[in-house]
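Asker: The sequence shown runs contiguously to residue 851 in the numbering used here. Have a look at this one.
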Amino acid sequence: MLRSLRFRSHLSNLLKLQEEVSCLCGSAPCLLCGCCPSTRNSTISRLIFTFFLFLGTLVSIIMIIPGVEEQLHKLPGFCEGGSSSLGIQGRVNCKSFLGHKSVYRMCFATAAFFFLFALIMICVRSSKDPRAAIQNGFWFFKFLILIGITVGAFYIPNGSFTTVWFYFGVVGSFLFILIQLILLIDFAHSWSQVWLRNANEGNAKGWYAALFIFTFTFYAVSLAAVVLLYVYYTKPDGCTENKVLISLNLIFCIIVSVVSILPKIQDAQPHSGLLQASIITLYTLFITWSALANVPNKYCNPTLLVRNSTTSLVADGQVTQWWDAPSIVGLVIFLLCTLFISIRSSDHSQVNKMMLTEESPAMLSGGDPSVEDGGRRAYDNEQDGVAYNYTFFHICLFLASLYIMMTLTNWYRPDEGSQTMTSPWTAVWVKISSSWAGLLLYLWTLVAPILLPGREFS
394 MLRSLRFRSH
404 LSNLLKLQEE
414 VSCLCGSAPC
424 LLCGCCPSTR
434 NSTISRLIFT
444 FFLFLGTLVS
454 IIMIIPGVEE
464 QLHKLPGFCE
474 GGSSSLGIQG
484 RVNCKSFLGH
494 KSVYRMCFAT
504 AAFFFLFALI
514 MICVRSSKDP
524 RAAIQNGFWF
534 FKFLILIGIT
544 VGAFYIPNGS
554 FTTVWFYFGV
564 VGSFLFILIQ
574 LILLIDFAHS
584 WSQVWLRNAN
594 EGNAKGWYAA
604 LFIFTFTFYA
614 VSLAAVVLLY
624 VYYTKPDGCT
634 ENKVLISLNL
644 IFCIIVSVVS
654 ILPKIQDAQP
664 HSGLLQASII
674 TLYTLFITWS
684 ALANVPNKYC
694 NPTLLVRNST
704 TSLVADGQVT
714 QWWDAPSIVG
724 LVIFLLCTLF
734 ISIRSSDHSQ
744 VNKMMLTEES
754 PAMLSGGDPS
764 VEDGGRRAYD
774 NEQDGVAYNY
784 TFFHICLFLA
794 SLYIMMTLTN
804 WYRPDEGSQT
814 MTSPWTAVWV
824 KISSSWAGLL
834 LYLWTLVAPI
844 LLPGREFS
């Protein structure tokens, strides 16, 4: 009897293991922990793809940390010239895995991975398309593909690869900053709409007080940021470009703030207000700060002094710049926005059109969360239509890979002649122009209902 119970227990465990392995290679992501509720298939797929991007980002961060090379040399028989307690001569050139070259190659691998899936998933309309099974399953094989592309990327000859890939990174980062701004606009409008709805349904004074506190805080931080930018990034006898850029963005932020509370705008969009404008203002000033941190003039850019005092020599004498405050803040915003891309489901038609999001009937009705044998599974909610555009989602992650590459290297351009990284004006103008484009996008969400009265704007 006891043997029979043990046999049944082992058989049950083997069946569960077989099911989990089939989830890795099957057509649906069904590996959810026992404490997790059943979740939409579309959400789980996006989260796992985002995890792949975060994993590549983590590897890139490790590659650029100062002192990693010394630690690798301590591994027995690993690095060339390293200690070997096993008496085996190491064959790995650890320097080739470190510095900005390795970050470029790692991010090239993740970008190529997502670009490949963007091509594969063109025009997928529902989960009935055979390619939807590739999107929502076969995770083990996808991981192997990513590893294979990564290994191949490190065999790319130096030549002009980093220089050419730098310009790909500049263009991709510009587009991803715009996506961040669209998501921020969506978040700001949703935040204001929810709190104003709560104010109408419940304690109006409390909700309006909360709105005022957050709006005041954002504008106060923005004002402090402007003052600090003038103090640290301008000089009385010079730095004209910095003064112009700070002043222009300050004026533009004031304009959009005033427009957001105009009577006609309020009539067309009752939920529009200063909360959204304060969030956009704060983010615009962050982009301005990030741009000024790349100005190639030590007299007008104290960030360069910080970067030069925290450099480490790697890979044939190339200089890799370590992080500073703008890069750290940019990394945090990148993580939040990328995660938001994976779970977002906007109610705003303008944002959905800009982000190519499609709300499927299954998504709106909640799908069919059937659970078999008490298991926790991802249920298919896209039989009548996809909940998001597969190709555009992968393009967003492709652009995110380029953005994180530029962030981790401080937007520095590789100089093949001197084997160093230099801060170009290109990065400055890309960031500034993206902030202007973002302000125009926000302004469009305000005036579109007035300019196009015949169209529906949620």
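All residues carry an ideal CB built from backbone N, CA and C; glycine is no exception. Since we're looking at a predicted model, the values are computed, not measured.
1. Pick helix, strand or coil for G723, following the three-state DSSP scheme.
2. Quick one: is N642 buried, meaning 16 or more other Cβ sit within 10 Å of its Cβ, or exposed?
3. For A511, collect the residues of the same chain with a Cβ closer than 6 Å to its Cβ; drop the 5 residues on either side in sequence, then sort them by chain order.
4. Under the rule that 16 or more other beta-carbon atoms within 10 Å means buried, what is V496, buried or exposed?
5. What does a CB cutoff of less than 7 Å around A661 pick up in its chain, not counting 5 residues either side in sequence?
6. Please confirm if the stretch 561-568 is in contact with the stretch 791-809, defined as three or more CB-CB distances below 8 Å between the two stretches.
7. Would you call the CB atoms of S816 and N687 closer than 8 Å?
8. According to DSSP, what are the bridge partners of G631?
9. Examine the ligand NAP and report whether any of its heavy atoms sits within less than 7 Å of the Cβ of F534.
10. From which residue to which residue does the alpha helix (DSSP H) around L660 run?
11. For the alpha helix (DSSP H) holding L845, just list the boundary residues, first then last.
12. My understanding is that H664 touches L589, with C-beta atoms under 8 Å, so please give their C-beta distance in whole angstroms.
13. Going by alpha carbons, who is nearest to S827 out of Y623, V779, V620, Y676?
14. Are the beta-carbon atoms belonging to A502 and G449 less than 8 Å from one another?
15. Could you have a look at K521 and say whether DSSP puts it in helix, strand or coil?
16. If you reduce the DSSP assignment to three classes, tell me which class M514 lands in.
17. Return the CA-CA distance between I734 and N434, expressed in angstroms with no decimal places.
18. Taking just the CA atoms, how far does S640 sit from K628?
19. Taking DSSP as the reference, what is the three-state secondary structure of S495?
20. Got a sec? Which residues, its chain only, sit under 7 Å from L604 by beta carbon, not counting five neighbours each side?
21. What residue does the alpha helix (DSSP H) around C789 start on, and which one ends it?
22. Please report the straight-line C-alpha distance between C500 and L678, rounded to a whole angstrom.
23. In whole angstroms, what separates the C-alpha of W682 from that of S583?
24. Mind checking which residues open and close the alpha helix (DSSP H) that includes N591?
25. Nearest to Q573 by alpha carbon, out of V840, G831, W837?
26. Just the C-alpha distance for I454 and L724, rounded to the nearest angstrom, thanks.
27. What separation, rounded to the nearest whole angstrom, lies between the Cα atoms of I441 and L790?
28. Quick check: what's the CA-CA separation for M799 versus T819?
29. Once DSSP output is grouped into helix, strand and coil, what is the label at N687?
30. Quick one: Cα of Y623 to Cα of L685, how far?
31. Could you pull out every residue in the same chain whose Cβ sits closer than 6 Å to the Cβ of Q586, ignoring the five residues on either side in sequence?
32. Three-state secondary structure (DSSP) at A830?
33. Could you give the distance in angstroms between the alpha-carbon of P523 and the alpha-carbon of I437?
34. At the level of alpha carbons, what is the spacing between S615 and W600?
35. Let me make sure I understand the geometry here. Which of K494, G631, K691, V651 has the alpha-carbon closest to that of I673?
Answerer: Let me lay it out:
1. Taking the first residue of the sequence shown as position 1, residue 723 is located at position 330. Judged by DSSP in its simplified three-state form, G723 adopts helix.
2. Within the sequence shown, numbered from 1, the residue matching residue 642 stands at position 249. Under this definition N642 is a buried residue.
3. For the purposes of this step, residue 511 is taken as the residue at position 118 of the sequence shown. Around A511: T784, H787, I788.
4. As a working mapping, residue 496 is identified with position 103 in the sequence shown. So V496 counts as buried.
5. Working through the sequence shown from its first residue, we reach residue 661 at position 268. P842, I843, listed in sequence order.
6. yes
7. One-based indexing of the sequence shown puts residue 816 at position 423. One-based indexing of the sequence shown puts residue 687 at position 294. Against a cut-off of 8 Å, the Cβ pair of N687 and S816 comes out as a contact.
8. Taking the sequence shown and counting its residues from 1, one reaches residue 631 at position 238. According to DSSP, G631 bridges with K628.
9. The ligand NAP is not among the ligands present in this structure, which contains no ligands whatsoever.
10. Sequence index remark: in the sequence shown, residue 660 carries index 267 (1-based). Strictly speaking, residue 660 in this sequence is Asp, with Leu absent from that position. Taken as a continuous stretch (DSSP letters only), the alpha helix (DSSP H) holding D660 covers 656-661.
11. Your numbering for residue 845 matches position 452 in the sequence shown. Taken as a continuous stretch (DSSP letters only), L845 belongs to no alpha helix (DSSP H), as it is neither H nor E.
12. If you number the sequence shown from 1, residue 664 lands on position 271. If you number the sequence shown from 1, residue 589 lands on position 196. Indeed, because the Cβ distance is near 6 Å, the residues count as touching under 8 Å.
13. Translated into positions along the sequence shown, residue 827 becomes position 434. Of Y623, V779, V620, Y676, the residue nearest in Cα terms is Y676.
14. The residue labelled residue 502 in the question sits at position 109 within the sequence shown. The residue labelled residue 449 in the question sits at position 56 within the sequence shown. In this structure, G449 lies closer than 8 Å to A502 by Cβ.
15. Numbered from 1 along the sequence shown, position 128 holds the residue referred to as residue 521. Here K521 sits in coil by DSSP.
16. Within the sequence shown, numbered from 1, the residue matching residue 514 stands at position 121. In the structure shown, M514 sits in coil (DSSP, three-state: anything other than H, G, I, E or B).
17. Against the sequence shown, residue 734 aligns to sequence position 341. Against the sequence shown, residue 434 aligns to sequence position 41. Roughly 15 Å between the two C-alpha positions.
18. Reading the sequence shown from its first residue, position 235 is the one you call residue 628. Reading the sequence shown from its first residue, position 247 is the one you call residue 640. Answer to the nearest angstrom: the Cα atoms are 14 Å apart.
19. Residue mapping note: residue 495 aligns to position 102 of the sequence shown, counting from 1. Helix, per DSSP.
20. Residue numbering aside, residue 604 sits at position 211 when the sequence shown is read from its first letter. Here the set comprises W588, L668.
21. In the sequence shown, the residue the question calls residue 789 occupies position 396. That run of the alpha helix (DSSP H) goes 783-801.
22. Sequence index remark: in the sequence shown, residue 500 carries index 107 (1-based). Sequence index remark: in the sequence shown, residue 678 carries index 285 (1-based). Answer to the nearest angstrom: the Cα atoms are 27 Å apart.
23. Walking along the sequence shown from the start, residue 682 turns up at place 289. Walking along the sequence shown from the start, residue 583 turns up at place 190. A direct Cα-Cα distance of roughly 27 Å separates W682 from S583.
24. As a first step, residue 591 must be located in the sequence shown, where it is residue number 198. It spans 554-594 - the alpha helix (DSSP H) in which N591 sits, taken as one unbroken run.
25. As a working mapping, residue 573 is identified with position 180 in the sequence shown. When each option's Cα is compared against that of Q573, the closest is G831.
26. In the sequence shown, the residue the question calls residue 454 occupies position 61. In the sequence shown, the residue the question calls residue 724 occupies position 331. Taking the straight line joining both Cα atoms gives about 11 Å.
27. Numbered from its first residue, the sequence shown carries residue 441 at position 48. Numbered from its first residue, the sequence shown carries residue 790 at position 397. So the alpha carbons of these two residues sit roughly 12 Å apart.
28. Translated into the one-based positions of the sequence shown, residue 799 becomes position 406. Translated into the one-based positions of the sequence shown, residue 819 becomes position 426. The C-alpha of T819 is placed about 12 Å away from the C-alpha of M799.
29. Looking up residue 687 in the sequence shown gives position 294. The answer is coil: DSSP assigns N687 none of H, G, I, E or B.
30. Counting from one through the sequence shown, the residue named residue 623 turns up at place 230. Counting from one through the sequence shown, the residue named residue 685 turns up at place 292. Going by the C-alpha atoms only, they are around 11 Å apart.
31. What you label residue 586 is simply residue 193 of the sequence shown in a count that begins at 1. Around Q586: H664.
32. On the sequence shown, position 437 is the one that residue 830 refers to. In the structure shown, A830 adopts helical secondary structure according to DSSP, grouped into three states.
33. As a first step, residue 523 must be located in the sequence shown, where it is residue number 130. As a first step, residue 437 must be located in the sequence shown, where it is residue number 44. The straight-line gap from Cα to Cα measures roughly 18 Å.
34. Sequence index remark: in the sequence shown, residue 615 carries index 222 (1-based). Sequence index remark: in the sequence shown, residue 600 carries index 207 (1-based). For S615 and W600, the distance between alpha carbons rounds to 23 Å.
35. Looking up residue 673 in the sequence shown gives position 280. Among K494, G631, K691, V651, the Cα nearest to that of I673 is on V651.
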